Amino acid sequence: MIFLVTISLFFASCEKDSDLFDEYVLAPEEEVLEPGNTDGNSDGNQEPDQEPTNGGNQDSNGGVDFSTPDNPENTNKIEGTYTPASMADITNPANANLKAVISQSFECNDCTFAANQTIEPAGGVISGQNIDLNGAYILNTYKQAFSSSVTFKDVYTASRVSPDVFGGVSDDNNDDTDAIDALINNCSLAVGVSDGTYIKNKPSNYRRSGTLDWNLNGAVVKITSAAGFNTGQVSVDAVFDIVNLSPNIYNGEFDGTDTYGRLFYLHGQEYFRFHKLYVHNFYATSTYRAVAFRFTINASSSGFKYGEFSDCTIDRIVARGDGNYNNAPAGISKGWWYTISGINYSDPFTVIHKNNKVTNIIGDDAEAFYAIQGGGSLDHDSKFIFDNEDYRYCTRRAIKACVSNVEIKNSYFEEIPESLFNSAQQMGTMIDFFSTQSSNLIQNIRVHDNVIRTVPGNDAHYYLLSLTEVNDAIISNNTFTMERTGNYGGVRLGSNTSSYNGALQNIQVTNNTFNNCYVNAMYQYRPVNNQPIDVDSNLFNFTASQGIDVGALRFSQNSGTQGYVNFTNNSINVDMSSPNGINGVIASNGVNVVGVTIDNVDVAYSNGTSARPFGYLRGSFDSSNSIRNSSLVGANGANAITVLGGSQSVQVVNSTDASGNPITVE
């Protein structure tokens with residue numbers, strides 16, 4: 026019986042989003058969601074560019090030093106040169122401190138090199154297992170010295186080497202997977218041929234600990250065939266599947282050539298960093314997901330501290346779908362996908378996304394960024410920061426954050442020009458915050474100094490920013506823009522899905538500019554303990570409309586009772602050269618409005634006026650509501666508010682039109 030109840034509860038939670046159902050039903054081999062929307066309305070010998078230092082400030086990098094030198098100096102003495110032809114030669118103690126030119130091939134199993142040799146790759150191949158390099162320094166000549174099946178006793182750290190040292194050949198169009206694998210498994214410092222191309226047409230699983238610092242040096246890693254990958258399962262066979270190893274990968278390109286869809290999957294890292302990368306054209310058929318970067322983070326077991334994406338471009342991560350977001354795995358595509366399976370509450374982590382540009386994340390359930398905490402308390406200090414990001418043309422969302430402690434600042438977000446869905450209601454809000462843990466609310470959301478808008482010349486497909494099941498959110502100093510005012514608000518409060526309560530606590534929407542959009546309370550909308558939502562010191566400009574009845578504050582529910590908003594110190598400008606439907610401050614679709622305070626709000630009309638210039642409510646507007654110290658310009662105050670249902674006893678105090686006439690209710 027307990028088992029049946031557990032299953033029932035689980036499937037009820039899966040109704041909130043297709044992603045969670047996928048994780049546990051379609052792909053049970055994986056570790057591990059969203060409110061469903063049912064709204065009614067050059068050559069190889071060049072030196073690589075050195076990775077810039079962090080200026081000595083390690084705090085911003087979680088204490089991780091990314092200032093690894095371009096190539097560490099060879100401190101070994103070179104007292105002569107020889108050409109080894111056998112294991113006996115290279116292990117002979119008499120050859121210590123010599124340069125070994127590897128132009129001949131031989132095997133060296135469980136051997137120990139003579140001490141402190143300098144290894145010069147020259148086309149020969151040393152093969153063998155468990156080789157002790159014994160202080161050797163490998164010169165990176167972009168020629169082969171070791172077989173791709175070689176293993177070293179210890180991870181090599183003395184110099185940067187390229188896949189070519191293990192048999193990879195840049196620009197020959199042959200698969201370099203084995204060479205890349207040997208490089209990553211044996212070396213901590215890696216480099217690519219300048220502006221070269223490596224082919225990687227097989228999946229790899231890396232399981233060593235330690236670090237990888239890979240300067241691609243302008244090189245491209247390209248996937249040209251999907252034949253070596255399992256495309257019949259939803260989430261296996263990443264090009265790079267990395268467990269424990271902490272990578273710093275930068276200055277290069279990953280090209281999926283519209284051939285394959287899964288690039289990186291990381292688990293168990295202490296840190297990661299991806300910098301100055303161009304990642305593009307990854308494509309998944311309807312049988313699996315397209316994901317550029319996926320992470321399973323269990324900070325309580327791995328000690329994860331810091332993650333970073335900076336100065337990267339991600340474009341065209343595409344999953345074939347059918348216009349229905351909820352029939353996974355078809356159409357699932359993500360730029361970044363984070364699953365948080367464990368939190369270290371005493372030692373928080375930070376993930377930073379800065380100066381990245383993301384375009385064309387295409388599919389049905391297609392999102393630039395998705396993060397979810399699968400369990401445990403949401404009250405902690407681990408955080409995600411977005412700074413100076415640019416996300417455009419994502420089919421369903423730019424950001425879906427089901428985690429606490431998110432800051433989005435100084436960034437630009439733009440909708441996709443054309444919706445690919447069978448119905449508009451399958452869209453997700455462009456920036457969407459919600460908890461998937463029922464009564465546990467995500468916390469500490471800060472969104473400020475951003476531009477969030479529809480495509481110029483295109484009407485909105487859905488809402489621009491949403492909050493539900495959230496405690497402590499401040500939305501400030503943003504510009505929200507739509508072409509024409511219509512059914513979808515700039516800021517959405519609550520949910521239209523019955524599996525959510527619409528719980529909101531300590532919410533502030535302040536000092537924003539809303540162009541042809543508004544603040545919208547949804548069907549499931551419940552301020553906790555009736556604590557009012559603060560909508561303060563915003564500017565609303567209405568210049569074009571689709572004729573839908575709206576106000577700067579709109580309640581979409583058509584029945585019941587909603588409210589509890591402090592709508593204060595706002596200015597509303599309405600250009601009536603557009604079609605009608607703008608009703609000034611407040612509109613209700615039928616719900617009875619309670620506990621709304623409208624104070625020091627100025628409404629100004631130009632080029633005409635509205636029939637209901639201050640408000641239009643299809644439900645009641647009783648004495649628990651008040652309008653104070655407000656003004657109406659360009660329209661008559663008499664009967665400026667229309668209330669169609671029930672009580673009309675809203676308290677109106679010291680609120681007049683330009684002629685001094687009081688604002689009254691019709």
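Be aware that the sequence shown starts at 26, since it is given in our numbering, and climbs by one per residue. Cβ atoms here follow ideal geometry from the backbone N, Cα and C, with glycine treated the same way. Since this is a predicted model, take the numbers as computed values, not measurements.
Applying the 10 Å Cβ sphere with the 16-neighbour rule, what's the burial state of residue i?
i: Asn545; result: buried
i: Asp94; result: Residue identity check: residue 94 is Pro in the sequence provided, not Asp. Exposed.
i: Ala683; result: exposed
i: Ala113; result: exposed
i: Gly778; result: Any question about residue 778 goes unanswered here, given that the chain covers just 26 to 691.
i: Cys136; result: buried
i: Gln676; result: exposed
i: Ala252; result: exposed
i: Asn537; result: buried
i: Glu145; result: buried
i: Asp372; result: exposed
i: Asn555; result: exposed
i: Asp283; result: exposed
i: Asp206; result: buried
i: Asn82; result: For Asn82, the predicted structure reports a pLDDT of 37, less than 50, and the residue's modelled location is therefore unreliable. A value from the coordinates is still provided. Classification for Asn82: exposed.
i: Arg287; result: buried
i: Asp238; result: buried
i: Asn273; result: buried
Between the beta-carbon of residue i and the beta-carbon of residue j, is there less than 8 Å?
i: Glu132; j: Gly153; result: yes
i: Met452; j: Thr479; result: no
i: Gly640; j: Val616; result: no
i: Ile365; j: Gly332; result: no
i: Arg653; j: Val678; result: yes
i: Asn101; j: Thr143; result: yes
i: Lys434; j: Glu392; result: no
i: Val619; j: Asp647; result: yes
i: Gly514; j: Tyr488; result: yes
i: Ser250; j: Asn226; result: yes
i: Lys330; j: Phe297; result: no
i: Gly692; j: Ile573; result: Examination of residue 692 is not possible in this model, given that the chain is present from 26 through 691 alone.
i: Val216; j: Val245; result: no
i: Ala396; j: Tyr363; result: yes
i: Ser651; j: Ile623; result: yes
i: Ile607; j: Phe567; result: yes
i: Asp21; j: Thr593; result: The chain is shown from 26 up to 691; residue 21 falls before or after that span and cannot be answered.
For residue i, which beta-bridge partners are listed by DSSP?
i: Gly671; result: Paired residues: none, contrary to the question.
i: Val186; result: Ala215
i: His378; result: Phe334 and Phe411
i: Ser358; result: Ala315 and Ala391
i: Pro146; result: Ile127
i: Glu432; result: Ile410 and Arg471
i: Ala396; result: Tyr363 and Ala426
i: Pro698; result: Residue 698 lies beyond the stretch modelled for the chain, which goes from 26 to 691, so this question has no answer here.
i: Ser491; result: Asp457 and Arg517
i: Val175; result: BP columns for Val175 are empty, so no partner.
i: Gln169; result: Partner(s): none; Gln169 has no beta bridge.
i: Ser152; result: Glu132
i: Phe289; result: Phe265 and Phe318
If you follow the alpha helix (DSSP H) that residue i is in, where does it begin and where does it stop?
i: Asp203; result: Thr202 to Asn211
i: Ile115; result: Met112 to Thr116
i: Ala252; result: Counting along the chain, Ala252 falls outside any alpha helix (DSSP H), and DSSP gives it neither H nor E.
Got a sec, what are the start and stop residues for the beta strand (DSSP E) residue i sits in?
i: Ser130; result: Where Ser130 is concerned, there is no enclosing beta strand (DSSP E), given that its DSSP letter is neither H nor E.
i: Ala324; result: Where Ala324 is concerned, there is no enclosing beta strand (DSSP E), although the alpha helix (DSSP H) it sits in stretches over Ala324 to Ser327.
i: Pro272; result: Ser271 to Asp280
i: Glu439; result: Tyr437 to Glu439
i: Gly620; result: Asn617 to Asp624
i: Leu237; result: Thr236 to Asn240
i: Val480; result: Premise fails: Val480 is in no beta strand (DSSP E) and is neither H nor E.
i: Lys425; result: Arg422 to Cys427
i: Ser651; result: Ser651 to Arg653
i: Tyr641; result: Gly640 to Leu642
i: Ala612; result: Ile611 to Ser613
i: Asp497; result: Val495 to Ser501
i: Ile267; result: Phe265 to Val268
i: Thr593; result: Thr586 to Thr593
i: Ala546; result: Val544 to Ala546
i: His300; result: Tyr296 to Ala309
The region 256-266 contacting the region 214-222, beta-carbon criterion three pairs below 8 Å: Output reads no: the region 214-222 does not touch the region 256-266.
Cβ pair count under 8 Å reaching 3, the region 462-481 against the region 419-435: Contact between the region 462-481 and the region 419-435 is present, because at least three Cβ pairs lie under 8 Å.
Meets three-Cβ-pair contact criterion under 8 Å: the region 296-305 and the region 345-354: Counting Cβ pairs under 8 Å, fewer than three are found: no touch.
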